[in-house]
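Let me begin by presenting the structure, written as structure tokens, before commenting on it.
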Amino acid sequence: MAVATTLNLPSLSSSSSLSHPTPTLQTHISVSSKTLQKSHFPSSFSLPNPHKPLFLSSASKSPISDFFSGHDENDSSDEKLREECGVVGIYGDPEASRLCYLALHALQHRGQEGAGIVAVNENVLQSVTGVGLVSEVFNQTKLDQLPGDSAIGHVRYSTAGSSMLKNVQPFVAGYRFGSVGVAHNGNLVNYRSLRAKLEDTGSIFNTSSDTEVVLHLIAISKHRPFLLRIVDACEQLEGAYSMVFITEDKLVAVRDPFGFRPLVMGRRSNGAVVFASETCALDLIEATYEREVFPGEVLVVDKNGIQSLCLMAHPQPKSCIFEHIYFALPNSVVFGRSVYESRRIFGEILATEAPVDCDVVIAVPDSGVVAALGYAAKAGVAFQQGLIRSHYVGRTFIEPSQKIRDFGVKLKLSPVRAVLEGKRVVVVDDSIVRGTTSSKIVRLLKEAGAKEVHMRIASPPIIASCYYGVDTPSSEELISNRMSVEEIREFIGSDSLAFLPFGSLEKLLGNDSTKFCYACFSGNYPVEPRELKVKRVGDFVDDGLNGSLESIDGGWVQANINQNLDNNLTVEKVGGL
């Protein structure tokens, strides 16, 4: 199913960066007493004291709160943090829409719920959007509807509920000086206050996405040149945004002053300019990587060439460290660093700082593979495929009437008994979120004959939610915010458990360590979330709930425990991106 999406906007007339303190978590390793007797850990390792939750829930029970907070125990898909979208923009290529389609394929890991492309042909913006994977939304017929030499595209991950077609980007809007399309990766922390102001002056919103606010701000700007309208709009935004805009004659790329989300620029051999969330998209369409779009930069591409403008005096960058831990593909270069090399070194650090006697090293595919390779090489132990991932599991499946334990995990991951039986196994994963999937994986490995299972996590413990474009559970659902490392080890049932030490991560990043955002590890936010948010409400707000958003009292999460909130409660991130 694919249709054009158009927003009709009314034709109207005319924080500082916080330095990151080292988290107080001191030790990130735990060993069962049985394993401790047999293994040789450095004497400097000690079990940490359980730390108290850094965030409190202000959730109140409502008839629909179970819908918001509940999740099927068989569904392990919500265990991983999820990047919410990927963007691409192409200017100056006669096959712009087809190249955009291929680039979105390369960015499919950043969003699987919806996809769209907007192309410009004879000064008309034409849009095709749909729910589903890129290959499901587009075919030859659809791409034939998108001629022109410039285009933008978007893949989207919905926070929850059904993926409403009207929330699928790119959005296209007409205003008094022409038309504009936009694709956005990120999350605006002041979305609700901006939307309320716009609604007070008569603006009508067609979606629940914060991206629509940007289009309204552009439409009501007093400036005449489109570039200045974008600058005017972006100066009012707070939070994370890497965006590409398209008009009848221009392609514009913008990145927020903190540079939370990635955005890179490349060029094809015919001179066509390409913007994308990751370099892997450039590789597929044979575009040469040139550089990042700098934090706080606006790049305008038109028939006169490329113009760069500083959006505002930007603070120290705070790029998302989880791009290197999990989100980005290993073959991408993100924030000027190879993702593959970062993950390999994460594994080496774990092997050095949390060694254990083992016979084989395996990974939780696919995200743990590179770190596991690094661990195995440093430890001098063979890496083998102890878990095989099925890439053909659909969104829904029918379970037999006689319940199968850990059904969801078993559908996706199959243990290889020949690798595991009678072995002391180190299993490397990128992160632990709620801990439910990790416990099922440990049980799966032991049922397949593993003698010991030692979990190694290639990131520090996640203790806080993200407000900058990543779908994370509320803080009280994050297991590392509720339990010590030893308690987590007991919960998942492993013989030992170790996380990547935060200090070692900082040391690896060297002089660049202050340029990354570690809010999910520390709870210290570079841009304070001044509004409350509801997690996993997603498009459900638009799927049958009537009345004001303030009337929804299920699923509330306090944004900052030390923050004085306005009397009027507001909901952040009510829609997908």
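In the numbering used here, the protein residues as written are 3 to 579. Backbone N, C-alpha and C fix where the C-beta goes; we use that ideal spot for every residue, glycine too.
Cβ neighbour criterion (16 or more within 10 Å) applied to residue i
i: Thr203; result: exposed
i: Ser211; result: buried
i: Thr143; result: exposed
i: Ser392; result: exposed
i: Gly382; result: exposed
i: Ile154; result: buried
i: Lys575; result: With a pLDDT of 30 at Lys575, under the threshold of 50, the modelled position of that residue is not reliable, and no figure is offered here.
i: Pro25; result: Legend: pLDDT at Pro25 = 39, less than 50; position of this residue unreliable, value from coordinates given subsequently. Buried: at least 16 other Cβ atoms inside 10 Å.
i: Thr438; result: buried
i: Ala420; result: exposed
i: Pro227; result: exposed
i: Ile406; result: exposed
i: Ser152; result: buried
i: Gly424; result: exposed
i: Lys252; result: buried
i: Arg178; result: exposed
i: Asp285; result: buried
i: Ala521; result: buried
i: Asp408; result: buried
i: Asp258; result: buried
i: Ala198; result: exposed
C-beta contact flag for residue i and residue j at 8 Å
i: Leu169; j: Ala242; result: One point to set straight first is that residue 169 is Asn, not Leu, in the sequence displayed. No, the Cβ-Cβ distance between Asn169 and Ala242 is not below 8 Å.
i: Ser118; j: Ser129; result: In the sequence as presented, Ser is not what sits at residue 118; that position holds Gly. In this structure, Ser129 lies closer than 8 Å to Gly118 by Cβ.
i: Ile459; j: Phe501; result: yes
i: Leu499; j: Arg491; result: yes
i: Phe262; j: Gly410; result: no
i: Val336; j: Pro264; result: yes
i: Phe348; j: Gly376; result: yes
i: Val122; j: Glu250; result: yes
i: Ser506; j: Glu355; result: yes
i: Thr281; j: Ser344; result: no
i: Ser99; j: Leu148; result: yes
i: Ser431; j: Met457; result: In the sequence under discussion, the amino acid at residue 431 is Asp, which differs from the Ser named in the question. Contact: yes.
i: Ala330; j: Val246; result: no
i: His2; j: Val89; result: The structure shown does not extend to residue 2, since the chain spans only 3 to 579, so no value can be given for it.
i: Phe324; j: Pro297; result: no
i: Gly451; j: Leu422; result: yes
i: Ser433; j: Ile351; result: no
i: Phe523; j: Pro475; result: no
i: Val395; j: Leu313; result: no
i: Pro332; j: Val303; result: no
i: Lys320; j: Ala353; result: no
Beta-carbon proximity list for residue i, same chain, < 7 Å, skipping 5 on both sides
i: Ala289; result: Gly268, Arg269, Arg270, Val276
i: Glu240; result: Ser17, Leu190, Val191, Asn192, Val529
i: Ser441; result: Phe493, Ile494, Gly495
i: Leu101; result: Ile92, Asp95, Ile287
i: Arg426; result: Asp359, Cys360, Asp361, Lys453, Glu454
i: Asn513; result: none
i: Glu292; result: Met267, Gly268, Arg269
i: Pro367; result: Leu389, Arg391
i: Ala283; result: Val90, Ala105, Ala108, Leu109
Same chain, Cβ closer than 6 Å to residue i, five either side skipped, listed in chain order
i: Glu214; result: Phe207
i: Pro231; result: The amino acid at residue 231 is misidentified as Pro; the sequence shows Arg. Cβ within range, chain order: Ile220, Ser223, His225.
i: Leu196; result: Val215
i: Ser477; result: Phe57, Ala466, Ser467, Asn483
i: Val444; result: Val455, Ile494, Gly495, Ser496
i: Leu200; result: His218
i: Arg532; result: none
i: Leu446; result: Pro417
Beta-ladder partner(s) of residue i, from DSSP
i: Asn187; result: Ser244
i: Leu415; result: Arg391
i: Ser461; result: Note: Ser461 sits in no beta bridge, so no partner.
i: Met267; result: Phe277, Arg293
i: Tyr177; result: Gly180
i: Ala384; result: According to DSSP, Ala384 bridges with nothing at all.
i: Glu454; result: Arg426
i: Glu299; result: Cys312
i: Asn123; result: Val126
Beta-carbon separation (whole angstroms), residue i vs residue j, contact threshold 8 Å
i: Lys517; j: Gln318; result: 6 Å
i: Cys519; j: Cys322; result: 5 Å
i: Gly94; j: Gly273; result: 6 Å
i: Ala365; j: Ala374; result: 4 Å
i: Ser126; j: Gly183; result: The sequence given here places Val at residue 126; Ser does not occur at that position. Their Cβ separation, rounded to whole angstroms, is 11 Å, which puts Val126 and Gly183 out of contact at 8 Å.
i: Leu311; j: Val233; result: 7 Å
i: Pro357; j: Leu389; result: Not quite, the Cβ-Cβ distance comes to about 22 Å (not below 8 Å), so this is no contact.
i: Val428; j: Val363; result: 5 Å
Same chain only: Cβ atoms within 8 Å of residue i, ignoring 5 sequence neighbours per side
i: Ala4; result: Caution applies to Ala4, whose pLDDT of 45 falls short of 50 and renders its modelled position unreliable; the value that the coordinates give is listed next. Taken in chain order, the residues that qualify are Val130, Thr131, Gly132, Val139, Phe140, Lys144.
i: Ala235; result: Val216, Leu219, Ile220, Ser223
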